[in-house]
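Novice: Before I ask anything, let me first share the structure, which is written out below as structure tokens.
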Amino acid sequence: LGGVNADEIPALAQLAQDGKYEVRFIELMPIGEGKSHKGIANKDILDALCKLYPELQPVQKRKGNGPAIYYEIPGFRKNVGFISPVHGKFCAACNRIRMTADGHFKPCLCYGESIDGREILRAGNHE
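Per our numbering, numbering through the sequence shown is continuous, rising by one, with the last residue being 122.
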């Protein structure tokens, strides 16, 4: 969050150094509670990490099938990734579906459209 914990970015990235964690920075989406906070663009985080680690390079091989873009830092055993829903606009390649806590399926967190999974299950049509 801008003005809240931006100073923690280097420490978070360093969690990837010993190989226990792969770190992903996810941009704050301006929905729900996120509307009342100022996020930090992943480009700004990447720029800050490039100043600390000038040898940082994009990972050339695709990792998984999600929207994260990964970078490797020489000397680090794991990578640092970025998921940029606000500034990356990866909607056309998105392959995710979300289920809310109340059982609704949503193709995107940004939209109000959903399918009530509970209603489908209760109707008994499981074919």
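Think of the CB as a built atom: it goes at the ideal place given N, C-alpha and C, for glycine as much as any other residue. These figures come from a predicted structure and were not determined experimentally.
Are three or more beta carbon pairs between the segment 111 to 120 and the segment 52 to 59 nearer than 8 Å?
Specialist: No, they do not touch.
Novice: With DSSP as the reference, identify every bridge partner of residue 106, one or two as the case may be.
Specialist: None; residue 106 has no bridge partner.
Novice: In this structure, does DSSP put residue 115 in helix, strand or coil?
Specialist: It is helical.
Novice: Let me know if residue 31 comes out buried or exposed under the rule of 16 or more other beta-carbons within 10 Å of its beta-carbon.
Specialist: Classification of residue 31: exposed, given that the 10 Å Cβ count is below 16.
Novice: Drop a sphere of 10 angstroms on the beta-carbon of residue 75, count the other beta-carbons inside from all chains shown, and report buried for 16 or more, exposed for fewer.
Specialist: Flag for residue 75 reads buried.
Novice: Which class does residue 68 belong to by DSSP, given the choice of helix, strand or coil?
Specialist: It is coil, neither helix nor strand.
Novice: Name the residue from 63, 93, 99 and 109 whose alpha carbon lies nearest to the alpha carbon of residue 18.
Specialist: The candidate whose alpha carbon is nearest that of residue 18 is 63.
Novice: Helix, strand or coil for residue 5, going by three-state DSSP, please let me know.
Specialist: It is helical.
Novice: Looking only at its own chain, which residues have a Cβ that is under 7 Å from the Cβ of residue 47, when we skip the five neighbours before and after it?
Specialist: The residues are 5.
Novice: Cα-Cα, which of 112, 53 and 24 is closest to residue 79?
Specialist: It is 24 whose Cα lies nearest to the Cα of residue 79.
Novice: Mapping the DSSP letters down to three states, classify residue 101 as helix, strand or coil.
Specialist: Here residue 101 sits in strand by DSSP.
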